[in-house]
Amino acid sequence: MQLTPDSFTPVTRDNAEQEILRPSLTYWQDAWQRLKRNKLAMLGLYIIVFLLLAAVFGPLFSNTSYSDQNLLQANRPPSSEHWFGTDNLGRDLFIRVLYGARISLAIGIVASLLNFTVGVAYGGIAGFVGGRTDRFMMNVVDVLYGVPVLLYVILLMVVLKPGLTNIFIALGIAYWLQMARIVRGQILVIKEQEYVLAARTIGAGKWRILLRHLIPNSMGAIIVTMTLAIPDAIFTEAFLSFIGLGVAAPMASWGVLASEGINSLRSYPFQLLFPALAISITMLAFNFLGDGLRDALDPRMRR
Amino acid sequence: MLSYTLKRILNAVVVLWFVITITFFLMHAIPGGPFTGEKNLPPAVMKNIEERYKLNDPLWKQYTDYMVNLGHLDLGPSFKYQGRSVNNIIAEGFPVSFQLGMNSIVLAVVLGIPAGVISALKRNKWQDRTIMFLTTLGVAVPSFVLAAALIHVFAIKLSLLPAAMWSGWKFQILPSVALAGMPTSYIARLTRSSMLDVLGQDYIKTAKAKGVAQYVIMYRHALKNGLIPVVTYIGPMAAGILTGSFVIETLFAIPGLGRHFVTSIYNRDYTVILGVTIFYSFLVVALNMLVDLIYPLLDPRIKLGGKQEG
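Residue numbers (this note's numbering), protein chains in the order written: chain B, 1 to 303; chain Y, 1001 to 1310.
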């Protein structure tokens, strides 16, 4: 081995070597990476994004409206002019399904947001305050849990008169229990973690701890519950429409379109096919995404 | 155990009381009352009707009267059908609904559990994938769509089975299948995930290491424990089948209680809505209570008297 003076020159400091190779990931980035690997969940996400875009922008590009009637064109099968055919009043079904997407998705999303607000507030307070308050609040939830919810949604709709706002209200009142239970459970666990203790030691107030630590850290479970609440709400709305308690004509959700389609099933089965497909695909998409989110956001739950 | 049972029964009673009270006041919160729709009756007639149905009494009196009548299992008269009581309507419609519901429950259990077990045993093989695909569809397709599809294929295209009415076993097949679709899928998925859970447990490994035969492991060790969570689904399943029966009975023109309920909603026949809601709630609450009482007997790991978590 030859030793030259060159061998003893100090190595130049190379900053590149010291850089951390893997960027540190936040919880959400990590979850996103896990979600991206889940093909079904991503498929669900793409379908949902597509549906949302179609629902928001689709109707803008057509010159016919969902309520335009043309009795000469009634009950036409699908064609290049009417992609999904027309209904018994000659209204274009493709346009009606697009508009239906607006209403059905809006129902799903608003119901889920109402769930979020009521459930998180209720469950958050119960879990955070604890003690007797918690016991009382959760007893109330237990009692309500024994009530067959759908019956009460029906009852509320009978009392409130059918209509979009009232569907929101009925679904919001009916479906927050699950969320309240989940949030409370999460908060009870997180409350005992060291960083909450640390926050308390340095003098963080109750509300700051609740809003900055407890709720953000329960977000994973909350988002999963919200995602899975959307198809539930769409389903319930379809059911309500079927028994005549849905949105009022000429507005039409997918549920209304499907139950109209059932009436003409014998002669024009395509009138049921498209709204039914729309409902089923949406249900699948949200369920896939919800399951994927559950795996991505809560690694412990993974099998 | 005794205190747990008592606590559970007390809980059920509170739920029922709550349900009845809410239902009663909701029904009476309707502006105008049940007869306002009837094309402007003369005031005298209106007064007589109100007298007859005691609508003039103060609300609390109507409430206590209703509760007392309920104590005698009397749900009052129908507003729309002269001379028929709600009891009468329930007695007439419920046996049909019960038959339909039982068919579906049996179907769901007989198909759902084996499907779930096969799926768990053949995890990620084609059997599992097929079953998972079908059950995913089963959960995603609303029952009325499934029913319509069944009618279209088996009644209209193939003319194999009747599309409506209720007179004989042939008439029961399509509605029972349509109603069973969702619970079957749900039971299959529940069984699968709980079986996978159980099959990963140490005692299964121990049994295998001891050289216990595969089928003994399956039946004696895995299945018994794997089916416990399925029992908890009985309550929600009953509720789902009830509400599903509204749709299915209406679609197939089956003269059951579900269809009566939907008709009474269309007719705004308040006492019938009120009575049937209470009747159904009673069924669901009783079933839920039963499940909660049976559950600890099946699964000794559950502590009695402790806090029940859902």
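Glycine included, every Cβ here is placed at the ideal spot set by N, Cα and C.
Here residue 92 of chain B carries a strand assignment [DSSP, helix/strand/coil].
Closer than 7 Å to the CB of residue 114 of chain B there is not a single CB belonging to chain Y. Bounds of any alpha helix (DSSP H) do not take in residue 85 of chain B, whose DSSP letter is neither H nor E. Between residue 55 of chain B and residue 77 of chain B, the alpha-carbon positions lie close to 23 Å from each other. As for any beta strand (DSSP E) of minimum length 3 sitting wholly inside the stretch 152 to 192 of chain B, there is none. Excluding the 5 residues flanking it on each side, residue 1237 of chain Y has same chain C-beta neighbours closer than 8 Å at 1105, 1108, 1183, 1186, 1187, in chain order. Residue pairing from DSSP places residue 1077 of chain Y in a beta bridge opposite Y/1085. In the structure shown, residue 4 of chain B falls within a coil segment according to DSSP collapsed to helix, strand and coil. Your pair residue 128 of chain B and residue 210 of chain B checks out as a contact, with CB atoms roughly 5 Å apart and the cut at 8 Å. Taking 9 Å as the Cβ-Cβ cut-off, the stretch 1188 to 1217 of chain Y approaches chain B at 1193, 1196, 1197, 1200, given in chain order. Residue environment for residue 1247 of chain Y: buried (at least 16 other C-beta atoms within 10 angstroms of its C-beta). Put simply, of B/297, B/232, B/203 the residue whose alpha carbon is nearest the alpha carbon of residue 110 of chain B is B/232. For the C-beta of residue 283 of chain B, the chain Y residues within less than 9 Å are, from N- to C-terminus, 1139, 1140, 1141, 1142. Residues of the stretch 235 to 251 of chain B with a Cβ closer than 8 Å to any Cβ of chain Y, in chain order: 235, 238, 239, 242, 243, 244, 245. Look at residue 1280 of chain Y: its C-beta is under 7 Å from a C-beta on chain B. For residue 224 of chain B, the enclosing alpha helix (DSSP H) stretches over residues 215 to 242. In summary, residue 212 of chain B is exposed, with fewer than 16 beta-carbon neighbours lying within 10 Å of its beta-carbon over all protein chains present.
At a C-beta separation below 9 Å, residue 280 of chain B has these neighbours in chain Y: 1137, 1140, 1141, 1142, 1145. Taking a Cβ-Cβ cut-off of 8 Å, the neighbours of residue 1251 of chain Y in chain B comprise 262, given in sequence order. When the five nearest sequence neighbours on each side are left out, the beta carbons in the same chain lying within less than 7 Å of the beta carbon of residue 1255 of chain Y are those of 1093, 1096, 1166, in order along the chain.
In chain order, 159 make up the part of chain B whose C-beta sits under 7 Å from the C-beta of residue 1029 of chain Y. Residue 1045 of chain Y sits away from residue 1271 of chain Y, with the two beta carbons spaced by 7 Å or more. Think of a sphere of 9 Å around the beta carbon of residue 147 of chain B: the chain Y residues whose beta carbon falls inside it are 1015, 1018, 1019, 1022, 1281, 1284, 1285, in chain order. A distance below 7 Å separates the beta carbons of residue 272 of chain B and residue 265 of chain B. At a Cβ-Cβ threshold of 7 Å, residue 112 of chain B and residue 230 of chain B count as neighbours. Positions of the alpha helix (DSSP H) runs, each at least 4 residues long and wholly inside the stretch 1115 to 1163 of chain Y, are given as 1126 to 1140, 1143 to 1150 in order along the chain. One alpha carbon belongs to residue 276 of chain B, the other to residue 261 of chain B, and they sit about 9 Å apart. Using a Cβ-Cβ distance cut-off of 8 Å, the stretch 83 to 94 of chain B and the stretch 113 to 128 of chain B are not in contact, since fewer than three pairs of beta carbons, one from each stretch, lie closer than that value. Contact annotation for residue 1277 of chain Y against chain B: 151, 155 [CB-CB distance below 7 Å, chain order]. Taking a cut-off of 8 Å for Cβ pairs, the stretch 1264 to 1281 of chain Y and the stretch 132 to 151 of chain B touch, as three or more such pairs fall below it. Looking only at Y/1081, Y/1010, Y/1017, Y/1015, the smallest Cα-Cα distance to residue 1269 of chain Y is reached by Y/1081. By alpha-carbon distance to residue 182 of chain B, the top candidate from B/235, B/285, B/141 is B/141. Residue 1057 of chain Y: not part of any alpha helix (DSSP H); DSSP gives it neither H nor E. What residue 1266 of chain Y touches in chain B, judged by beta-carbon distance under 7 Å, is 244, going in chain order. Taking the CA atoms as reference points, residue 1110 of chain Y sits about 27 Å from residue 1301 of chain Y. Where residue 131 of chain B is concerned, the enclosing alpha helix (DSSP H) starts and stops at 131 to 145.
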